[in-house]
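Student: If you scroll down you'll find the structure; I have some questions about it.
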Amino acid sequence: MAIDVTEATFEREVVERSRQVPVVVDFWAEWCGPCRTLTPALEAAEGSRADKIALAKVDVDANQALAARFGVQGIPAVKAFRDGAVVNEFVGAVPRAQVEAFFDSLVPSRADELLAADDELSLREAAELEPRRADIAVALARKRLKRGAEDDALIALEGHAGDFAVGGLVARIQLVKAGFAAEAFEALDRGERDAALDALLGALAETGRSREGEERDALREQLRRAIVGILSEAAADDPATRDYRRCLATALY
Numbered sequence: 015m016a017i018d019v020t021e022a023t024f025e026r027e028v029v030e031r032s033r034q035v036p037v038v039v040d041f042w043a044e045w046c047g048p049c050r051t052l053t054p055a056l057e058a059a060e061g062s063r064a065d066k067i068a069l070a071k072v073d074v075d076a077n078q079a080l081a082a083r084f085g086v087q088g089i090p091a092v093k094a095f096r097d098g099a100v101v102n103e104f105v106g107a108v109p110r111a112q113v114e115a116f117f118d119s120l121v122p123s124r125a126d127e128l129l130a131a132d133d134e135l136s137l138r139e140a141a142e143l144e145p146r147r148a149d150i151a152v153a154l155a156r157k158r159l160k161r162g163a164e165d166d167a168l169i170a171l172e173g174h175a176g177d178f179a180v181g182g183l184v185a186r187i188q189l190v191k192a193g194f195a196a197e198a199f200e201a202l203d204r205g206e207r208d209a210a211l212d213a214l215l216g217a218l219a220e221t222g223r224s225r226e227g228e229e230r231d232a233l234r235e236q237l238r239r240a241i242v243g244i245l246s247e248a249a250a251d252d253p254a255t256r257d258y259r260r261c262l263a264t265a266l267y
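Numbering (the numbering used here) for the sequence shown: 15 to 267.
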């Protein structure tokens, strides 16, 4: 059931609570006909998702400061909060199917739950449910690599050629199979990312000096893809990542 929220309780019941579960806030008023039409759909959507989503109601007439704070200009206005911030919203008495889709977007899918479980059986099921998701394919491939099943890892990565992390894992497997850069990837598996990148960049430079022709070009491309794959999973604002990107560009050109 929806809880009534006021200016005095909004921080606790919505902002802070949204750090635990998503909170959907219905900005409404007693005189608003479309609001009364929308309310049953919101309550049904919240009720069918057990404790995965909370529903709150704000009377805009009694809480005008809240309405102004969140830019409510027409009602019903529905805003979803996660981690203390608005992450999605809509205005108007939309159809029930649209309400259901809105709520679905806020809770983890079955594949997300399986991905979070992080065991190979769960990841395989997740990949079957959502075969287009590269993040699931990468997680499954890593589990298979951990037990030494390189060919099975490659199978998990099929169909995701455009993803940098996938490309990096494929390059890693090809390099290790060729007896190249294994120590760098062992360091990566130990959590020593910078040591792994230093080793791969060193191998890239050495390959440029010691090999020629198509063999050199193929090895350099695999090393480049492996490095890019590692960097693609780092935070965009990480200073070390920016430095390594510059080092890679220098080594290549």
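Even glycine gets a Cβ: it sits at the ideal position worked out from N, Cα and C.
Assess contact between the stretch 127-135 and the stretch 63-78, defined as three or more Cβ pairs (one per stretch) separated by less than 8 Å. Is contact present?
Tutor: Remark: fewer than three beta-carbon pairs, one from each stretch, lie closer than 8 Å, so the stretch 127-135 and the stretch 63-78 are not flagged as touching.
Student: Contact between the stretch 114-125 and the stretch 55-66: three or more CB pairs below 8 Å?
Tutor: yes
Student: DSSP three-state call for Ile313: helix, strand or coil?
Tutor: Nothing can be reported for residue 313: it is not among the residues displayed for the chain, which extend from 15 to 267.
Student: Between which two residues does the alpha helix (DSSP H) harbouring Leu168 extend?
Tutor: The count along the sequence shown starts at 1 and reaches residue 168 at position 154. Note, Leu168: alpha helix (DSSP H), Glu164 to Leu171.
Student: Tell me the DSSP secondary structure of Lys93 in three-state form.
Tutor: Indexing the sequence shown from 1 puts residue 93 at position 79. DSSP places Lys93 in strand when its eight states are reduced to three.
Student: So for Lys157, helix, strand or coil by DSSP?
Tutor: Here residue 157 corresponds to residue number 143 of the sequence shown, with the count starting at 1. Reduced to three states, the DSSP call for Lys157 is helix.
Student: Suppose you measure from the CA of Tyr258 to the CA of Val180; what does that come to, to the nearest Å?
Tutor: By one-based count along the sequence shown, residue 258 stands at place 244. By one-based count along the sequence shown, residue 180 stands at place 166. Whole-angstrom Cα-Cα distance: 19 Å.
Student: What did DSSP end up calling Leu120 once you bin it into helix, strand or coil?
Tutor: Position 106 of the sequence shown holds residue 120. Of the three classes helix, strand and coil, the one that applies to Leu120 here is coil, per DSSP.
Student: Cutting at 6 Å between CB atoms, please list the residues of its own chain near Ala91, excluding the five before and the five after it.
Tutor: Counting from 1 along the sequence shown, the entry for residue 91 is found at position 77. Result list for Ala91: Phe41 and Val105, in chain order.
Student: Which of the three DSSP states, helix, strand or coil, is assigned to Lys66?
Tutor: As a first step, residue 66 must be located in the sequence shown, where it is residue number 52. Lys66: coil per DSSP, three-state reduction.
Student: Leaving aside the five residues before and after Val242 along the sequence, list all residues of the same chain whose C-beta is less than 8 Å from its C-beta, in chain order.
Tutor: Counting from one through the sequence shown, the residue named residue 242 turns up at place 228. Here the set comprises Phe178, Gly181, Gly182 and Leu262.
Student: Taking the straight line between their C-alpha atoms, what separation do you get for Asp8 and Asp212?
Tutor: No answer is possible for residue 8: it lies beyond the span of the chain, which begins at 15 and ends at 267.
Student: Check this for me: beta carbons of Leu171 and Val152, under 9 Å apart or not?
Tutor: As a working note, residue 171 is residue 157 in the sequence shown. As a working note, residue 152 is residue 138 in the sequence shown. In this structure, Val152 lies closer than 9 Å to Leu171 by Cβ.
Student: Of the choices Leu120, Ala22 and Val19, whose alpha-carbon is the least far from that of Arg33?
Tutor: In the sequence shown, residue 33 corresponds to position 19, counting from 1. Of Leu120, Ala22 and Val19, the residue nearest in Cα terms is Leu120.
Student: In this structure, does DSSP put Val180 in helix, strand or coil?
Tutor: As a first step, residue 180 is located in the sequence shown; it is residue number 166 there, counting from the start. Note: Val180 maps to helix in three-state DSSP.
Student: To the nearest angstrom, report how far apart Met15 and Pro36 are at their CA atoms.
Tutor: For this step, residue 15 is matched to residue 1 along the sequence shown. For this step, residue 36 is matched to residue 22 along the sequence shown. Near 15 Å, if we compare the C-alpha coordinates of Pro36 and Met15.
Student: Of the residues Leu56, Val39 and Gly88, which one's Cα is nearest the Cα of Trp45?
Tutor: As a position in the sequence shown, residue 45 is number 31, starting the count at 1. When each option's Cα is compared against that of Trp45, the closest is Gly88.
Student: Opposite Ala99 in the DSSP bridges: which residues?
Tutor: Residue 99 sits at position 85 when you count from the first residue of the sequence shown. Beta-bridge partners of Ala99 (DSSP): Arg96.
Student: Could you pull the start and end residues of the beta strand (DSSP E) that Asp40 belongs to?
Tutor: Working through the sequence shown from its first residue, we reach residue 40 at position 26. Looking at the DSSP string, the run of the beta strand (DSSP E) that includes Asp40 is Val37 to Trp42.
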